[in-house]
Amino acid sequence: MEPFGARLARAMDERGPLCVGVDPHSSLLKAWGLPDDADGVASFCQTVIDALADRVAVFKPQSAFFERFGARGAQILESTIRQLREAGALVLLDAKRGDIGSTVAAYADAYLNPSRPMYVDAITASPFLGLGSLAPMFDMAAEHGGGVFVLALTSNPEGPAVQHARGIDGRTVAQTIIDEISQLNKGVEPLGSLGLVVGATIGETGHDLSQVNGPFLVPGLGAQGGTADDLRRIFAGNLGAVLPSSSREVLGAGPDVQSLRDAASRTLDACRDALGRPGRS
137 MEPFGARLAR
147 AMDERGPLCV
157 GVDPHSSLLK
167 AWGLPDDADG
177 VASFCQTVID
187 ALADRVAVFK
197 PQSAFFERFG
207 ARGAQILEST
217 IRQLREAGAL
227 VLLDAKRGDI
237 GSTVAAYADA
247 YLNPSRPMYV
257 DAITASPFLG
267 LGSLAPMFDM
277 AAEHGGGVFV
287 LALTSNPEGP
297 AVQHARGIDG
307 RTVAQTIIDE
317 ISQLNKGVEP
327 LGSLGLVVGA
337 TIGETGHDLS
347 QVNGPFLVPG
357 LGAQGGTADD
367 LRRIFAGNLG
377 AVLPSSSREV
387 LGAGPDVQSL
397 RDAASRTLDA
407 CRDALGRPGR
417 S
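Numbering of the sequence shown is given in the numbering used here, commencing with residue 137 and proceeding in unit increments.
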């Protein structure tokens, strides 16, 4: 299959730079008038699919909101992934998996092997057992044209205690991750398939993102406080690789289908303006 980085670059060009989170948490189900159970999640996902699947470049289901309903939740997630991909969207599973040895290899097989029922285009992963521990994911992604987004600079207040800690060479943990991903993406065109998760609200951190040559998954634009100026400051010189992620800004407009479409269009317009990426004529 064509590498994920190339497919992502084309999807953002054709549909715009926006990733919509599929997060059926309790309060959102309630706001939509749906029960907080598997049936409610199934109805929620079908509405998102009907409204947006053929309009948005990337969808990011959060695995935990499906896992809480056991086997039925997994079944709904499988169906949601399949329908989104059939509509031409890329699916990025937000699972933040990370382990060592045969276990991380099993995660890679579960999500990045096209023969598996939970196969997606890309996954999120945690590198804090050492970036080398994720090698089986990187290998599986390379074999099947998949992508991996590695946590680097997250916007949660607890993150800097680990991510900004310095190693014996003076680099922060985050900078070490950034530099190693940069090496793995070196020379790839138009965009490497290994990305980083960098929050829109991290502020001035002094980290160098200029050599990554891969996509940035950027949560936090809009409702969480991230602004266009934040994007331009954090990702200067790399705006074409930025994939803003939004959940509340879009899903809060549901369950009406047209309202969801209108919210997605407004959010996409804001992302395009922030990144200096005009829409297709």
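We put the beta carbon where it would ideally sit given N, CA and C, even for glycine. Owing to the predicted nature of the structure, the values given are computational and were not obtained by experimental measurement.
Item: With the cut-off set at 8 Å, would you say Gly-335 and Gly-356 are in Cβ contact?; Value: yes
Item: Using 8 Å as the Cβ pair cut-off and three pairs as the minimum, do the region 262-275 and the region 224-236 touch?; Value: yes
Item: Over what stretch of residues does the beta strand (DSSP E) that includes Leu-228 continue unbroken?; Value: 226-233
Item: Count the other CB atoms, across all protein chains shown, that sit within 10 Å of the CB of Met-273; report buried if there are 16 or more and exposed otherwise.; Value: buried
Item: Does the region 388-401 come into contact with the region 298-311, if we say contact requires no fewer than three beta-carbon pairs (one atom in each stretch) closer than 8 Å?; Value: no
Item: Taking the alpha-carbon positions, what's the Val-256 to Glu-214 distance?; Value: 9 Å
Item: The ligand ATP heavy atoms versus the CB of Thr-341: any closer than 7 Å?; Value: No copy of the ligand ATP occurs in the structure displayed, which carries no ligand at all.
Item: So is Glu-203 buried or exposed if we call it buried at 16+ other beta carbons inside 10 Å?; Value: exposed
Item: Do you know how far the Cα of Phe-264 is from the Cα of Gly-415?; Value: 38 Å
Item: Work out the CA separation of Asn-321 and Glu-138 for me, nearest whole Å.; Value: 15 Å
Item: In angstroms, rounded to a whole number, what distance separates the CA positions of Ala-297 and Val-240?; Value: 25 Å
Item: Do you know how far the Cα of Leu-248 is from the Cα of Ile-313?; Value: 21 Å
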